[in-house]
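Student: One structure, pasted below without further comment.
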Amino acid sequence: MNLQRRYPIGAELQPNGGTHFRVWAPRPKKVELLLEAGPGAPAAVELKQQADGYFAGLVPQAAEGTRYRFRLDDAGCFPDPASRYQPDGPHGASQVVDPSGFGWNDSGWQGAGLEGQVIYEMHIGTFTREGTWQAAQRELTELADCGITVLEVMPVADFPGRFGWGYDGVGQFAPVRLYGEPDDFRRFVDAAHRAGLGVILDVVYNHFGPDANYLNEFSPDYFTDKHESDWGDPINFDGEKAGPVREFFLTNAAYWIEEFHIDGLRLDATQQIFDASPENIMTAIGKRVREAARGRKTIIVAENEPQLTKLVRPIESGGYGLDALCNDDFHHSAMVAMTGRNEAYYTDYLGKPQEFISMVKYGYLYQGQRYKWQKQRRGTPDLRLAPAKFVTYIQNHDQIANSGRGERVQFMTSPGRLRAMTALMLLAPGTPMLFQGQEFASSSPFYYFADHKPDLAKLVGEGRAKFLAQFRSLATSEMLPFLVDPANPSTFERCKLDFSERERNRRSYDLHRDLLRLRREDPVFSAQTPGGVDGAVLAEECLMLRFFGEVGDARLLLVNFGRDLHLDPAPEPLLAPPDGMTWQTLWSSEDPRYGGTGTPRLDSEDNWRIPGHAAVALRPTSTEQERHG
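According to my numbering, the stretch in the sequence shown is residues 1069 to 1697, in order.
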């Protein structure tokens, strides 16, 4: 038999006809394939048992579009754990998919590496009114024109219900049917590449959702009780029979890269991935992704609440070899600076200038100090990591939802402070990330939403309220009636973007476009040079950053979250221009185009005057040029 298989699990069409099925199922003694009725289709095909708990078989009658289930020990019938598509949802039949039928147009695409990227987090179900791949595709050129370079798509593994965040997925290989068919996803990625956009996929390798998770029926060894997880039984990456489980997820990582041309992964909540194996599963995932990319550049970002820099250290230095880490420190400090909010996990942040200087230079704030909120030390020391390895943001799906009202940050701070913080984030040498609609000050909230069966929905809603209660302000009797029901369809509908706001909120859109152009085109701001930035505290709410370029070149970024500041004297050497030069305003958040009131010269005969609630970027110019300018 001349079998050709790309992956060790799932249904794969064969060049000479038929489909070969393979599934890991060490629990049952007998596995049968049940095909939905069709011409000449047998009622059931018994699969042959193979080594290590696998069952497999070639079915000549099975073709593209054939729907099937597995029957285990003449009892229950279940979808394929490695199904490529679930047209009726994760409780329904699996469908055979032909990935070779799609005509890719991105042969010249070289992939997306970490350096120089601007990430855009998006939820396909709420990014457009239609909530489909096809509708999202229409906006790709506009995103690229704005200055976005990489799309981070929230999880798409199939989940039950009519809507959801995607983090309760159960069909790891099946793009959720709510957004379209698998080829619609491929068209989206293909179009993104044509527009010059990379695409990385948020994947959940730390747990499965609570509904439609049938893996235990195939084997209890998918999970382990060796570790404790916040979301049920953790996945077995290091216990007995962990080999096929590891291969399941490694195959999944490669599958997205190879069959959907994805440019990398964002690994959700890696602190809940437990593995004491000689080679950590995250290291193995990184290797498999790069192998699958076949020379294309890739990005692997890790969310890691404990802030373990080991994840991005080189493998040869004892690290896991991933590319970047989410920097919650930046978000938390920014929220305190912009809003004054200082409860729950914001407790250990002051929102002061030194925090931002330290983050620009060293990434994380907490690198082993005591963290009062958790009553323990947090982070690991590493002052040498490249700035690009830290993904910074002032909005993302979690943090907007955790505001209780799902409010965007512009409703919680002043316009000037927001413009200033936006400039700091987008011009600093980290890797900035925007959340969908942030660029045009979207008024759409972003709540937690999940469509579950009534009993489970009740538990989920109660769990969500309990989680938000860490914020004392959200646990008050006055506030509780204003917390939305995650299971209510209106909760989901209200989160959809309104692109007409792109024009109505033109000030915000222009601000983001101009900053991203400056970040991209200015030779100093674009460099992201390790050690290429220093800073100083100028006042209680004012900081400066000096970006060092080639000899005799530099940039200043002055950020003032407080009142107008008059520096006289100004005994800070970083303020001094290069020899024979003077400072000239390059960009200001107080430009009237953004809603500001204009920017007089900062460095004058009266010494420095820095406007309040503002950010100003400066470049050196020769005194001779200035005299004749």
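Where a beta carbon is used, it is the ideal one built from N, C-alpha and C, also for glycine. Predicted model, so just to flag it, every value in this text is computed and none were measured.
(1) May I ask which residues mark the beginning and end of the beta strand (DSSP E) holding serine 1656?
(2) Give me whichever residues DSSP pairs with glycine 1125 in a beta bridge.
(3) As a quick exercise: from Cys1394, Val1313, Gly1386, pick the residue whose alpha carbon is nearest that of leucine 1335.
(4) Based on the DSSP output, what are the partners of methionine 1493 in its beta bridges?
(5) Using a threshold of 9 Å, state whether the C-beta atoms of glycine 1086 and leucine 1126 are closer than that.
(6) Looking only at C-alpha atoms, which of Phe1123, Pro1646, Gly1184 sits nearest to leucine 1494?
(7) Please classify histidine 1634: is it buried, with 16 or more other beta-carbons within 10 angstroms of its beta-carbon, or exposed?
(8) Within 8 Å, do at least three Cβ pairs link the region 1505-1517 to the region 1461-1477?
(9) Compare the Cα-Cα distances from proline 1646 to each of Pro1688, Ile1468, Gly1199 and report the closest residue.
(10) Looking at C-alpha atoms only, which residue of Arg1362, Tyr1273, Gln1375 is the closest neighbour of aspartate 1343?
(11) What residue ranges within the region 1493-1559 form continuous beta strand (DSSP E) runs of no fewer than 3 residues, ordered along the chain?
(12) Counting only the same chain and skipping the five closest in sequence on each side, list residues whose C-beta sits under 6 Å from that of glutamate 1373.
(13) Where does alanine 1414 fall in DSSP's three states?
(14) Identify, in the order they occur along the chain, each residue of the same chain with its Cβ nearer than 6 Å to the Cβ of glutamate 1132, setting aside the five sequence neighbours on each side.
(15) Determine which residues share a DSSP beta bridge with alanine 1682 and list them.
(16) Quick one: complete alpha helix (DSSP H) runs, 4+ long, within the region 1445-1469?
(17) Would you kindly report the start and end of the unbroken beta strand (DSSP E) that includes leucine 1269?
(18) In or out: leucine 1626 buried (at least 16 other Cβ within 10 Å) or exposed?
(19) Taking a contact to mean a Cβ-Cβ separation below 9 Å, would you say arginine 1090 touches leucine 1140 in this structure?
(20) Can you find the residues in the same chain that come closer than 7 Å, C-beta to C-beta, to glycine 1666, ignoring five residues on each side of it along the sequence?
(21) Please state if the CB of alanine 1150 and the CB of glutamine 1031 are separated by a distance shorter than 9 Å.
(22) Determine the closest residue to aspartate 1566 out of Gln1504, Met1403, Ala1119, Arg1669, with distance taken between C-alpha atoms.
(23) If contact is defined by three or more beta carbon pairs under 8 Å, each pair taking one atom from either stretch, is the region 1240-1255 in contact with the region 1212-1230?
(24) Could you tell me which of His1295, Arg1358, Ile1303, Trp1299 sits nearest to isoleucine 1325, measuring between CA atoms?
(25) Where does alanine 1259 sit, in a helix, a strand or coil, going by DSSP?
(26) Identify, in the order they occur along the chain, each residue of the same chain with its Cβ nearer than 8 Å to the Cβ of alanine 1352, setting aside the five sequence neighbours on each side.
(27) Give the straight-line distance between the Cα atoms of proline 1228 and alanine 1491, rounded to the nearest whole angstrom.
(28) Excluding five sequence neighbours on each side, which residues of the same chain lie with their C-beta closer than 6 Å to the C-beta of alanine 1370?
(29) For tryptophan 1177, which of Ala1607, Tyr1247, Tyr1136, Gly1266 has the nearest alpha-carbon?
(30) For valine 1218, which beta-bridge partners are listed by DSSP?
(31) State the DSSP-derived secondary structure class of lysine 1355, mapped to helix, strand or coil.
(32) Can you tell me the Cα-Cα spacing of alanine 1212 and glutamate 1308, whole angstroms?
(33) Less than 8 Å between C-beta atoms, sequence neighbours within five positions excluded: which residues of the same chain meet that for threonine 1653?
(34) By how many angstroms is the C-alpha of histidine 1275 removed from the C-alpha of proline 1158?
(35) Given a cut-off of 9 Å, decide if proline 1288 and tyrosine 1122 are closer than it, judged by their beta-carbon atoms.
(36) When you compare each of Arg1614, Ala1469, Asp1120 to phenylalanine 1286 by their alpha carbons, which one comes out closest?
Tutor: In short, the structure shows the following:
(1) Reading the sequence shown from its first residue, position 588 is the one you call residue 1656. Secondary structure note for serine 1656: its beta strand (DSSP E) is the uninterrupted segment 1649-1656.
(2) By one-based count along the sequence shown, residue 1125 stands at place 57. For glycine 1125, which the question treats as bridged, DSSP gives the partners Phe1089.
(3) For the purposes of this step, residue 1335 is taken as the residue at position 267 of the sequence shown. When C-alpha distances from leucine 1335 are compared across Cys1394, Val1313, Gly1386, the shortest belongs to Cys1394.
(4) Position 425 of the sequence shown, counting from 1, holds the residue named residue 1493. Among the bridge pairs identified by DSSP, methionine 1493 is matched with none.
(5) Mapped onto the sequence shown, residue 1086 falls at position 18. Mapped onto the sequence shown, residue 1126 falls at position 58. Against a cut-off of 9 Å, the Cβ pair of leucine 1126 and glycine 1086 comes out as a contact.
(6) Working through the sequence shown from its first residue, we reach residue 1494 at position 426. Comparing Cα positions, the closest option is Gly1184.
(7) Along the sequence shown, read from residue 1 onward, the residue named residue 1634 stands at position 566. So histidine 1634 ends up on the exposed side.
(8) Between the region 1461-1477 and the region 1505-1517 there are three or more inter-stretch CB-CB distances shorter than 8 Å, so the stretches are counted as touching.
(9) Translated into positions along the sequence shown, residue 1646 becomes position 578. Comparing C-alpha distances from proline 1646 to each of Pro1688, Ile1468, Gly1199 shows the shortest one belongs to Pro1688.
(10) One-based indexing of the sequence shown puts residue 1343 at position 275. Just measuring C-alpha positions, the residue of Arg1362, Tyr1273, Gln1375 sitting nearest aspartate 1343 is Tyr1273.
(11) Entirely contained in the region 1493-1559, the beta strand (DSSP E) runs reaching 3 residues are, in chain order, 1499-1503.
(12) Here residue 1373 refers to the residue found at position 305 when the sequence shown is read from its first residue. Closer than 6 Å at the Cβ level, and outside the excluded window around glutamate 1373, lie Gln1339.
(13) Numbered from its first residue, the sequence shown carries residue 1414 at position 346. Note on identity: in this sequence residue 1414 is tyrosine, with alanine being the wrong assignment. DSSP, reduced to helix, strand and coil, places tyrosine 1414 within a helical segment of the structure shown.
(14) As a working mapping, residue 1132 is identified with position 64 in the sequence shown. Only Val1164, Asp1166 meet the Cβ criterion.
(15) Translated into positions along the sequence shown, residue 1682 becomes position 614. Its beta-bridge partners are Asn1628.
(16) Complete alpha helix (DSSP H) runs here, min 4: 1465-1469.
(17) Taking the sequence shown and counting its residues from 1, one reaches residue 1269 at position 201. 1266-1271 is the extent of the beta strand (DSSP E) around leucine 1269.
(18) For the purposes of this step, residue 1626 is taken as the residue at position 558 of the sequence shown. By the neighbour-count rule (16 or more Cβ atoms within 10 Å), leucine 1626 is buried.
(19) Residue mapping note: residue 1090 aligns to position 22 of the sequence shown, counting from 1. Residue mapping note: residue 1140 aligns to position 72 of the sequence shown, counting from 1. Contact: no.
(20) By 1-based counting over the sequence shown, the position of residue 1666 is 598. By the criterion of a C-beta distance shorter than 7 Å, glycine 1666 is surrounded in its chain by Glu1658, Pro1660, once the five residues flanking it on both sides are discounted.
(21) Because residue 1031 is not part of the residues shown, which for the chain are 1069 to 1697, the question remains open.
(22) As a first step, residue 1566 must be located in the sequence shown, where it is residue number 498. Looking at the Cα atoms, Gln1504 is the closest of the given residues.
(23) With the cut-off at 8 Å, the region 1212-1230 and the region 1240-1255 touch.
(24) As a working mapping, residue 1325 is identified with position 257 in the sequence shown. The alpha carbon of isoleucine 1325 has as its nearest neighbour, out of His1295, Arg1358, Ile1303, Trp1299, the alpha carbon of Arg1358.
(25) Numbered from 1 along the sequence shown, position 191 holds the residue referred to as residue 1259. The three-state secondary structure of alanine 1259, taken from DSSP, is helix.
(26) Here residue 1352 is taken as the residue at index 284 of the sequence shown, counted from 1. Same-chain partners within the cutoff: Arg1314, Leu1318.
(27) As a working mapping, residue 1228 is identified with position 160 in the sequence shown. As a working mapping, residue 1491 is identified with position 423 in the sequence shown. If I take the Cα positions, the gap works out to 40 Å.
(28) Along the sequence shown, one-based indexing puts residue 1370 at 302. Exclusion of the five residues before and after alanine 1370 leaves Leu1335, Thr1338, Leu1379, Leu1390, Leu1393 as the residues of its chain whose Cβ lies within less than 6 Å of its Cβ.
(29) Here residue 1177 is taken as the residue at index 109 of the sequence shown, counted from 1. It is Gly1266 whose Cα lies nearest to the Cα of tryptophan 1177.
(30) Here residue 1218 is taken as the residue at index 150 of the sequence shown, counted from 1. The partner list for valine 1218 (beta bridge, DSSP) reads Ile1187, Gly1266.
(31) Reading the sequence shown from its first residue, position 287 is the one you call residue 1355. Lysine 1355: helix per DSSP, three-state reduction.
(32) Here residue 1212 is taken as the residue at index 144 of the sequence shown, counted from 1. Here residue 1308 is taken as the residue at index 240 of the sequence shown, counted from 1. Looking at the two C-alpha atoms, the distance is approximately 47 Å.
(33) In the sequence shown, the residue the question calls residue 1653 occupies position 585. Thr1667, Arg1669, Leu1670, Val1684, Ala1685, Leu1686.
(34) Your numbering for residue 1158 matches position 90 in the sequence shown. Your numbering for residue 1275 matches position 207 in the sequence shown. A direct Cα-Cα distance of roughly 16 Å separates proline 1158 from histidine 1275.
(35) For the purposes of this step, residue 1122 is taken as residue 54 along the sequence shown, with counting starting at 1. For the purposes of this step, residue 1288 is taken as residue 220 along the sequence shown, with counting starting at 1. Tyrosine 1122 is not a Cβ neighbour of proline 1288, given a cutoff of 9 Å.
(36) Along the sequence shown, one-based indexing puts residue 1286 at 218. Of the listed residues, the one whose Cα sits closest to phenylalanine 1286 is Asp1120.
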